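Reviewing the structure listed below.
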Amino acid sequence: MSIQLNQLRTRLLDEQQQLQQQIQDFLNQQDRAEFQQLRLQLMQLSLARWPEVLLHWHTPELSVSGKRLEAVQAALSQMEMGLYGICCDCELIIENQRLEQDPAEQRCGQCAD
Ligand SMILES: [Zn+2]
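Counting from 3, one number per residue, gives the positions in the sequence shown under my numbering.
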């Protein structure tokens, strides 16, 4: 694995952890029973299954974090499969600069415009 790829992977892993913490902190601060139930539900699931649960919630703190978590995890699994950095629309290589800006980027500069 190249140095750049390693660094991007570390950033994705850090962000994944931060998102998890952020979601937990948010839920810990809520009094409503449905949030407490969600907190217990998430504790029993692997982190990989959090997005599918969180995306159903219309609370922005949860749906936005859930969506980002999904993107970060998608990029990490693409790395594992050796498919990282490929544009999801045109299948060309995504520019390094774009990946530096956002390691979970899924589109090249041309397709993103
Ligand atoms: Zn493209």
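Glycine included, each C-beta is placed from N, C-alpha and C at the ideal position.
Since this is a predicted model, take the numbers as computed values, not measurements.
{"Check": "Cβ contact check for the segment 64-77 and the segment 11-30: 3 or more pairs under 8 angstroms", "Outcome": "yes"}
{"Check": "Residue closest to residue 104, alpha-carbon to alpha-carbon, out of 83, 78, 94", "Outcome": "78"}
{"Check": "By C-beta, the residues closer than 7 angstroms to any heavy atom of ligand 1, given in chain order", "Outcome": "89, 91, 92, 94, 109, 110, 112, 113"}
{"Check": "C-alpha distance - residue 94 paired with residue 34, whole-angstrom precision", "Outcome": "47 angstroms"}
{"Check": "Status (buried if at least 16 other CB within 10 Å, exposed otherwise) for residue 112", "Outcome": "exposed"}
{"Check": "Endpoints, alpha helix (DSSP H) assigned at residue 65", "Outcome": "62-83"}
{"Check": "Coarse secondary structure for residue 5, derived from DSSP in three states", "Outcome": "helix"}
{"Check": "Spatial neighbours of residue 106 in its chain, beta-carbon cut-off 6 angstroms, leaving aside the 5 residues before and after", "Outcome": "73, 74, 77"}
{"Check": "Contiguous alpha helix (DSSP H) assignments of at least 4 residues, all confined to the segment 35-65", "Outcome": "35-45, 52-56"}
{"Check": "DSSP beta-bridge partners of residue 96", "Outcome": "None, per the DSSP bridge assignment."}
{"Check": "For residue 52 and residue 44, believed in contact at Cβ under 8 angstroms, the rounded distance", "Outcome": "6 angstroms"}
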